[in-house]
Amino acid sequence: MKKERKKAIKKFVNAETRMWMFTTLAEDTGNDSFEARLHFDSYSDLMYTVSDLLKISMHAMYHDGDTNSGEIAEPGYHVISVLRIASQLLPLNESEVLDNCHRLYLKLEELKNSKS
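Structure follows, in C-alpha cells:
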C-alpha cells in the first residue's frame, strides 16, 4: 500500500513539474516570497494604469459606484484598466492543479479502501 501511494504521489509530482502549471507566481530569489508579473505596452501604459487605479479607488471611496462624481472623467474606463490587471493576476493555469490534486486524492482513497 505504501509503495503504491508513493508511486502515485511521485507520478503526480513529476507530471506537474513537466506541465509547468505554476506560472503566475515566480519565486523571488533571496526572499521568502513570490512575485507576479504584469505586462504593459509602454511606460505610458504603465503610468496611465497606475493613474487609473488611483482614480477609480478615489471614486469608489467618495461616491456610490454607479454615480459619476464629476471629478473622474469616464470612471468606466478606469474600471476596465483595473479589471485588466486583475485578469493578468488571475492564476487560471494553476487551477488545473486542483483537478490533478483531486484525482490524486481519489486515487489514494481508492488505494486505501481497497486495502481495508
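Straight run, no breaks: the sequence shown in our numbering ends on number 864. Yeah, the Cβ is synthetic: ideal placement off N, Cα and C, and Gly gets one too.
Item	Value
Backbone secondary structure at Leu-786 - three-state DSSP	coil
Enclosing beta strand (DSSP E) for Ala-774 [first to last residue]	773-776
Cα-Cα separation, Leu-852 to Lys-758	10 Å
Chain-order list of residues whose beta-carbon lies under 7 Å from that of Phe-782 (same chain, five-residue window excluded)	Leu-773, Ala-774, Glu-775 and Asp-776
Spatially closest choice to Val-845 from Ser-829, Thr-771, Arg-785 and Leu-856, by CA coordinates	Thr-771
For Lys-755, the nearest candidate out of Lys-855, Leu-831 and Gln-836 (CA to CA)	Lys-855
Rounded straight-line distance, which links the Cα of Asn-762 to that of Cys-849	13 Å
8 Å Cβ cutoff met for Glu-752 and Leu-859	yes
Among Asn-861, Ser-829 and Lys-750, nearest to Asp-793 - alpha-carbon criterion	Ser-829
Distance CB(His-826)-CB(Asp-800) smaller than 8 Å	yes
7 Å CB neighbourhood of Ala-784 in its chain, flanking five on each side removed	Thr-772, Leu-773 and Leu-837
Proximity below 8 Å, CB of Ile-833 to CB of Thr-797	yes
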